[in-house]
Amino acid sequence: MQPRSPYRYLAGYPERLTAPLREMIAAGTLGARLLARYPTAHTVRTDRALYDYVGALKARYLRSAEPLSKVAYDNRLHVIQHALGMHTAVSRVQGQKLKAKREIRIAALFREAPEAFLRMIVVHELAHLKERGHDKAFYQLCTHMEPAYHQLEFDLRSYLVLLEATGERPWAPADGAP
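So for the sequence shown, this note's numbering puts the first residue at 82; every next one is plus one.
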């Protein structure tokens with residue numbers, strides 16, 4: 082079995098955008114560059130804080146969308162399976178009505194990431210409340226909620242390449258830190 086390339090996260094991007102990233106990884110400067118652009122990690126560490134964070138964004142942009150029953154970090158979501166976050170709807174029959182529980186789960190890897198990356202993932206999952214597929218309307222909704230959505234997605238993908246290629250985690254707490 083052939084090892085998977087960390088650059089698969091950038092599949093579909095033109096060479097003019099990916100070539101500089103390859104050079105920065107080879108030179109060992111990509112982590113410092115991302116850290117300069119996004120200097121601090123967010124403080125949304127608990128599931129409760131994440132629920133409140135997502136709820137605030139939902140209340141601002143998607144008031145009429147169905148309520149969320151659960152929002153949590155999930156240790157089982159792995160970036161390797163191309164899941165940064167996940168939106169699920171579990172339906173069940175209750176009497177003569179069909180009830181749906183909506184949940185958002187965010188990969189636990191993003192407990193230690195810049196707020197901009199967390200926001201991009203949350204915006205993406207919230208957009209799925211209104212738009213199921215990744216079509217033009219979906220991305221218009223994402224950019225309505227986060228105007229820099231596409232740049233954040235590219236930077237997040239760059240971070241995933243860095244993480245897989247080198248193991249470097251610029252926002253991870255120092256050893257012994259809480």
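All C-beta atoms, glycine included, are put in the ideal place defined by N, C-alpha and C.
Per DSSP, the bridge partner or partners of residue i
| i | result |
| --- | --- |
| Leu149 | Arg183 |
| Tyr154 | Ile187 |
| Pro195 | Ala122 |
Exposure of residue i, with buried meaning 16 or more beta-carbon neighbours within 10 Å
| i | result |
| --- | --- |
| Leu98 | exposed |
| Glu96 | exposed |
| Glu234 | buried |
| Asp133 | exposed |
| Arg279 | Look at the range of the chain in this structure, 82 to 259, and you will see that residue 279 is not part of it. |
| Val135 | buried |
| Pro254 | exposed |
| Glu206 | buried |
| Pro195 | buried |
| Glu227 | buried |
| Pro251 | buried |
| Val203 | buried |
Test: residue i CB closer than 9 Å to a CB of chain D
| i | result |
| --- | --- |
| Ala122 | The structure shown contains no chain D; it holds only a single protein chain. |
Length at least 4, wholly inside the segment 99 to 132: the alpha helix (DSSP H) runs in chain order = Taking only runs of at least 4 residues, the alpha helix (DSSP H) segments lying wholly in the segment 99 to 132 are 111 to 118.
query = What are the uninterrupted segments assigned as alpha helix (DSSP H) that are 4 or more residues long and contained completely in the segment 200 to 239, given in chain order?
reply = For the segment 200 to 239, whole alpha helix (DSSP H) runs of length 4 or above, ordered along the chain, are 217 to 226.
task = Decide if the segment 211 to 226 is in contact with the segment 180 to 193; the criterion is three or more beta carbon pairs, one per stretch, under 8 Å apart.
result = Contact between the segment 211 to 226 and the segment 180 to 193 is absent: fewer than three C-beta pairs spanning the two stretches fall below 8 Å.
task = Count the CB pairs spanning the segment 232 to 249 and the segment 207 to 215 that are closer than 8 Å, and state whether there are at least three.
result = In short, these stretches do not touch, since the Cβ pair count stays below three.
ask   = Taking one C-beta from the segment 173 to 183 and one from the segment 91 to 109 each time, how about it: are there three or more such pairs within less than 8 Å?
value = no
message = Within 8 Å, do at least three Cβ pairs link the segment 137 to 152 to the segment 113 to 123?
response = no
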